[in-house]
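**Q** Got a structure for you, questions after.
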Amino acid sequence: MVGLRRRHLVAALNPAAALDISATATLTAERHANRPLMLTGDGSTAQTYTLPLATGSGNTYTFYVRTTNTGTYVVAAAGSDEFDGSTTGTDGNSDVGSGWPAATGSNFTTFTFGITTQGELGSWVEFKDVASAVWLVRGTMVQSDNSPVTQFT
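Here's what the structure looks like:
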């Protein structure tokens, strides 16, 4: 296997192993689907992860915030794909939880998190390819700000 690095060999031998991602990337089914994606950026650089086109494959892309990022993490839909589903959140300053829906027809195409108002260390979100041009989204956001806000735009 000329040209492959050790991490590529490990990933090939155990495709379900967690994968640290720390830079903007276009995700692929072969490398990123159906495995934990650990967001471990430097904490201040905005990072965007673009999902592949939704085809109804059933593949999931599950992101875990391992480093709170003041520059944000963004998951973007490709082409004309959109997000359906919802996330919940807990505000560290109150006993009240919040929920944010992305209803069918809302045409949400980006999901921003990794900061105090939208989901920091311990937050997770899953994107499941459920139909052509449709991603089902679910997750839980850990928030410490007094004014938590939706992650969908």
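Numbering-wise (this note's numbering), the sequence shown opens with residue 9 and increments by one. Even glycine gets a Cβ: it sits at the ideal position worked out from N, Cα and C. Predicted model, so just to flag it, every value in this text is computed and none were measured.
#1: When the Cα of T75 is compared with those of T48, G107 and T56, which residue comes out closest?
#2: Kindly list the residues whose CB is nearer than 7 Å to the CB of A86, restricted to its own chain and excluding five residues on each side of it in sequence; keep chain order.
#3: Given this structure, state the Cα-to-Cα distance separating T32 from V73, to the nearest angstrom.
#4: Within a Cβ cutoff of 7 Å, which residues of the same chain sit near D137, ignoring the five residues on either side of it in sequence?
#5: Given G107, which residues of its chain have a CB within under 8 Å of its CB, disregarding the five upstream and five downstream residues?
#6: With C-beta atoms as the reference, is A52 less than 7 Å away from T80?
#7: Is D28 buried or exposed, if buried means 16 or more other CB atoms sit within 10 Å of its CB?
#8: Would you say G105 touches the ligand HEM, meaning its beta carbon is less than 6 Å from a heavy atom?
**A** Here's the rundown:
#1: The sequence position of residue 75 within the sequence shown is 67, counting from 1. Among T48, G107 and T56, the Cα nearest to that of T75 belongs to T48.
#2: In the sequence shown, residue 86 corresponds to position 78, counting from 1. For A86, where only same-chain residues beyond five positions count, the Cβ hits under 7 Å are T58, L59, P60 and L61.
#3: By 1-based counting over the sequence shown, the position of residue 32 is 24. By 1-based counting over the sequence shown, the position of residue 73 is 65. Whole-angstrom Cα-Cα distance: 15 Å.
#4: For the purposes of this step, residue 137 is identified with residue 129 of the sequence shown, where counting begins at 1. Result list for D137: A62, T63, G64, S65, G66, N67 and W143, in chain order.
#5: For the purposes of this step, residue 107 is taken as the residue at position 99 of the sequence shown. Excluding sequence neighbours, G107 sits near S94, T95, T96 and G97.
#6: Working through the sequence shown from its first residue, we reach residue 52 at position 44. Working through the sequence shown from its first residue, we reach residue 80 at position 72. Looking at the sequence itself, residue 52 is Ser, so the reference to Ala does not match. Cβ atoms of S52 and T80: not closer than 7 Å.
#7: As a working mapping, residue 28 is identified with position 20 in the sequence shown. Around the CB of D28, fewer than 16 other CB atoms lie within 10 Å, so the residue is classed as exposed.
#8: The model on display carries no ligand, and the ligand HEM is accordingly not part of it.
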